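Down below is the structure, laid out as structure tokens.
Residue numbers (the working numbering): 179 to 317.
See below:
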């Protein structure tokens with residue numbers, strides 16, 4: 179199975195200067211836990227709901243001035259829509275990430291691959307292995 183067959187198509191993204199309050203509202207409205215950050219037509223980071231809390235609210239006395247750039251995780255990890263789903267699963271396990279942006283052959287983001295997508299696409303045993311590996315405490 180290819181990543182494109184399991185991924186959620188049409189993912190949203192935000193720019194680095196997007197206020198975290200707007201990001202949180204978008205996450206709530208779309209019922210998602212992360213948003214990729216793009217600049218000059220390139221993915222430059224990822225903002226998760228946890229980033230907003232831990233890097234934003236917990237580290238700042240005034241979160242109203244914070245933007246995606248202040249809280250995002252840099253060095254984004256992604257996969258290709260045409261790669262085998264099993265390869266993407268190994269990448270998620272290795273990097274311990276729950277959501278993976280998906281790009282096409284033109285390096286355009288075309289979707290997101292999440293643990294939920296995986297649970298619907300692969301055997302329960304494999305899905306459980308991925309969840310265990312991704313959820314393990316970071317070293």
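Heads up, the beta-carbon is just placed ideally off N, CA and C, and yes, glycines get one too. Quick caveat, the model's predicted, so the values are computed rather than measured.
Leaving out five residues before and five after residue 192 in sequence, what residues of the same chain have Cβ atoms less than 8 Å from its Cβ?
200, 201, 204, 213, 214, 215, 216, 225 and 246
May I ask which residues mark the beginning and end of the alpha helix (DSSP H) holding residue 183?
For residue 183, the enclosing alpha helix (DSSP H) begins and ends at 181-184.
Please classify residue 218 as buried or exposed, where buried requires at least 16 neighbouring CB atoms within 10 angstroms.
exposed
Name the two residues that bound the continuous alpha helix (DSSP H) containing residue 249.
Here the alpha helix (DSSP H) through residue 249 covers 246-249.
Going by the CB atoms, is the gap between residue 287 and residue 185 shorter than 8 Å?
Remark: C-beta atoms of residue 185 and residue 287 do not approach each other more closely than 8 Å.
I need the boundaries of the alpha helix (DSSP H) containing residue 261, first residue and last residue.
Looking at the DSSP string, residue 261 is not in any alpha helix (DSSP H), and its letter there is neither H nor E.
With distances taken from CA atoms, which of 283, 256 and 261 is nearest residue 276?
256
Taking the alpha carbon of residue 318 as the point to measure from, which residue in 238, 252 and 231 has its own alpha carbon closest?
Missing from the structure shown is residue 318; the chain here goes from 179 to 317 and no further.
In or out: residue 172 buried (at least 16 other Cβ within 10 Å) or exposed?
Here the chain has residues from 179 to 317 only, and residue 172 is not among them.
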